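A.B. asks:
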Amino acid sequence: MPTLSVYGDSVAYGIGAPPHLGFVPQLAALQANQAAPPKRVPFRNYGISGMTSYELASALQDNESFQAGILSGKNIAIYIGGDDLLTAAPALLLARGNAVALLERLYAKSGHAMGTIMANIALMTRSTHKACAIGTLYNPFPALAPVAEAIATYNARVLIPNAHRYGIAVADIASAFEGRQASLIAGFRSGNPLDALRMHQTPAIHPNVLGHHVIAEQFANVLSS
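Just add 285 to the spot in the sequence shown (first one is 1) and you have this note's numbering.
1) Are the beta-carbon atoms belonging to I490 and I458 less than 8 Å from one another?
2) Give me the DSSP bridge partner(s) of L289.
3) Could you give the first and the last residue of the continuous beta strand (DSSP E) run that contains I453?
4) According to DSSP, simplified to helix, strand and coil, what is A416?
5) Using only alpha-carbon positions, find the residue among N493, F504 and H414 that is nearest to L306.
6) Suppose you measure from the CA of A528 to the CA of P322; what does that come to, to the nearest Å?
7) Quick one: Cα of L408 to Cα of P304, how far?
8) Evaluate contact between the segment 400-407 and the segment 351-369, counting only Cβ atoms and requiring at least three cross-stretch pairs below 8 Å.
9) Which one or two residues does DSSP pair with I436 in a beta bridge?
10) Looking only at C-alpha atoms, which of D294, V455 and A373 sits nearest to A441?
11) Which residues share a DSSP beta bridge with I470?
12) Grouping DSSP H, G and I as helix and E and B as strand, with all else coil, what is M336?
13) Determine the contact status of A418 and F351, defining contact as a CB-CB distance below 8 Å.
14) Need the endpoints of the alpha helix (DSSP H) that H397 sits in, please.
Following this line, the structure appears as C-alpha cells:
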C-alpha cells in the first residue's frame, strides 16, 4: 500500500530524468530520510505525460485506481496544469490578437477543473490525517514575457485560490525555479522557445535531474510541515 501518491503530467511522470531520479522517487527518498529512524516510503506515481487538469479531474471522479491512490496514500502530491497552457502556446508565441481572450477562456475552464480536483481530494480525505500539496507551475521560458505572464497568472488565478479554498498546501515550485532555469531545465538554451523552433528543435521544458530534485524538495517541505 503506497504512503505517497502523486498525480500529474509529464513532470510527475519523470520526463527529463532517468526513471529512478524523477521528482516522485526523489520525493519518496527525501521523506524516507525525514523519518526517525529512516524507512522506505512506498509510492505510486499516477503521472501521465500530456495529462491536463480536465483529464485529472475526470480520472479522480471515474477511475477507481486514481481514487484508490487518494484513499490509501498518507501523502498526496499534485503537479498539473502545464498541458492546459500548451493549448494557448501558438497564440502566445505568435503574439496573435486572440491570445488574451483565449487565455481568459483557458483560466475559466482550468479553474473549474482545478476546483473539481481539489473538491474530490478534500472529500476523499476528510476526517483523515493526510498531507496534500499541489505545486505551482515553473516558467521554462524566462526570455519570453507573454509566456511568463501567462504562467504566473495561471498560478495566481487558477491554482493557488483553489488550493486555499479546499485546504490543500501549495509547494512554491515557481519561485524555486525562478532565475535558475538554465541549471534546472534539461537542454536549456536561451529561454525563448522561438529560438529552438527556428532551428527545428523541440523547446526545452522539462526539469533535469537537479530540477526534479528541487521539485521534490519543495513538496517534501510542505508535506512534512
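From the three backbone atoms N, C-alpha and C, an ideal C-beta is built for every residue, glycine too.
Note that the coordinates shown come from a computational prediction; the quantities given were computed from them, not determined experimentally.
C.D. replies: Quick answer:
1) Here residue 490 refers to the residue found at position 205 of the sequence shown. Here residue 458 refers to the residue found at position 173 of the sequence shown. Result no, Cβ atoms of I490 and I458 do not sit closer than 8 Å.
2) Working through the sequence shown from its first residue, we reach residue 289 at position 4. Bridge partners of L289: F328 and N360.
3) For the purposes of this step, residue 453 is taken as residue 168 along the sequence shown, with counting starting at 1. It is not in any beta strand (DSSP E) - I453 carries neither H nor E in the DSSP assignment.
4) Taking the sequence shown and counting its residues from 1, one reaches residue 416 at position 131. A416: strand per DSSP, three-state reduction.
5) Indexing the sequence shown from 1 puts residue 306 at position 21. Comparing Cα-Cα distances from L306 to each of N493, F504 and H414, the minimum goes to N493.
6) This structure gives no information on residue 528, because the portion of the chain shown stretches from 286 to 510.
7) Counting from 1 along the sequence shown, the entry for residue 408 is found at position 123. Counting from 1 along the sequence shown, the entry for residue 304 is found at position 19. Distance between the alpha carbons of L408 and P304: 32 Å.
8) yes
9) On the sequence shown, residue 436 is found 151 positions in, with the first residue counted as 1. In DSSP, I436 forms no bridge with anything.
10) For the purposes of this step, residue 441 is identified with residue 156 of the sequence shown, where counting begins at 1. It is V455 whose Cα lies nearest to the Cα of A441.
11) For this step, residue 470 is matched to residue 185 along the sequence shown. Partner(s): P492.
12) Mapped onto the sequence shown, residue 336 falls at position 51. The answer is coil: DSSP assigns M336 none of H, G, I, E or B.
13) Translated into the one-based positions of the sequence shown, residue 418 becomes position 133. Translated into the one-based positions of the sequence shown, residue 351 becomes position 66. Cβ atoms of A418 and F351: not closer than 8 Å.
14) Looking up residue 397 in the sequence shown gives position 112. It spans A384 to T410 - the alpha helix (DSSP H) in which H397 sits, taken as one unbroken run.
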